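Engineer: Numbering (the numbering used here), first residue to last: 66 to 254.
Here it is, written out as structure tokens:
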């Protein structure tokens, strides 16, 4: 009973390395469809994001709009995403904001999105008011966060990008603001 979290005896570093490798393999084993051989459309990326993240689908969050560095996601009103006081659960709101942020980053990285893996490294969210009804998340990935010459970066190059998102209700009222920092890595190929 004295041991915690280390069931197999592997070190934390081993676990993170394995998890990272599995994630990279998983992401890249789902080929992103493309309307052109070189560059996927924003619609291709939007559809892919909605299909490849099982938890996002489970909760009902959907990326509805995607453009260069900007995404809008929505979470329909559902009893299944409510908390004990009848409002939308904070975890569902976080998921929605992160779904929009990840999609916005994918849109910003469009030129090499199929050769770039990104994982969430750090996040912060501030809830300002109760969330009821359909909720929308709007996220913007700043161009200045992406390294100059991104399309030509060599394999193995790494960088971090912070994407901001805000949540609003159907009336357009501000509900929460969030920031997500993603660690990005250029893959070989």
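Virtual Cβ for every residue (Gly too), placed ideally from N, Cα, C.
Please read these numbers as outputs of a predicted model, since none were measured by experiment.
How would you label residue 103, buried or exposed, when you count the other beta carbons within 10 angstroms and need 16 or more for buried?
Structural biologist: It is exposed - the Cβ of residue 103 has fewer than 16 other Cβ atoms within 10 Å.
Engineer: Apply the 10 Å Cβ neighbour rule to residue 254 and answer buried if 16 or more other Cβ atoms are within range, or exposed otherwise.
Structural biologist: Exposed, by the Cβ-count rule.
Engineer: Just to confirm, is the Cβ distance from residue 114 to residue 173 under 8 Å?
Structural biologist: No, the pair does not count as a contact, with Cβ atoms beyond the cut-off.
Engineer: Taking residue 187 as the reference, which of 245, 149, 194 has the closest Cα?
Structural biologist: Looking at the Cα atoms, 245 is the closest of the given residues.
Engineer: From residue 223 to residue 251, what does the alpha carbon distance come to, in whole angstroms?
Structural biologist: Approximately 7 Å, taken between the alpha carbons.
Engineer: Measure the alpha-carbon distance for residue 240 versus residue 217 and round it to whole angstroms.
Structural biologist: If I take the Cα positions, the gap works out to 39 Å.
Engineer: I need the DSSP call for residue 252, collapsed to helix, strand or coil.
Structural biologist: Reduced to three states, the DSSP call for residue 252 is coil.
Engineer: Drop a sphere of 10 angstroms on the beta-carbon of residue 167, count the other beta-carbons inside from all chains shown, and report buried for 16 or more, exposed for fewer.
Structural biologist: Under this definition residue 167 is a buried residue.
Engineer: Excluding the 5 residues preceding and the 5 following residue 169 in the sequence, name in chain order all residues of the same chain whose CB lies nearer than 8 Å to its CB.
Structural biologist: So the list reads 131, 134, 135, 136, 204, 205, 206, 228, 230, once near-sequence residues are dropped.
Engineer: Taking buried to mean at least 16 other C-beta atoms within 10 Å of its own C-beta, is residue 120 buried or exposed?
Structural biologist: Exposed: under 16 other Cβ atoms inside 10 Å.
Engineer: By the 10 Å Cβ neighbour count, where 16 or more other Cβ atoms means buried, how is residue 238 classified, buried or exposed?
Structural biologist: It is exposed - the Cβ of residue 238 has fewer than 16 other Cβ atoms within 10 Å.
Engineer: Does residue 156 pass the burial test, meaning 16 or more other C-beta atoms within 10 Å, or should it be called exposed?
Structural biologist: Looking at its Cβ environment, which holds fewer than 16 other Cβ atoms inside 10 Å, residue 156 is exposed.
Engineer: Quick check: what's the CA-CA separation for residue 243 versus residue 220?
Structural biologist: Residue 243 and residue 220: Cα-Cα distance of roughly 30 Å.
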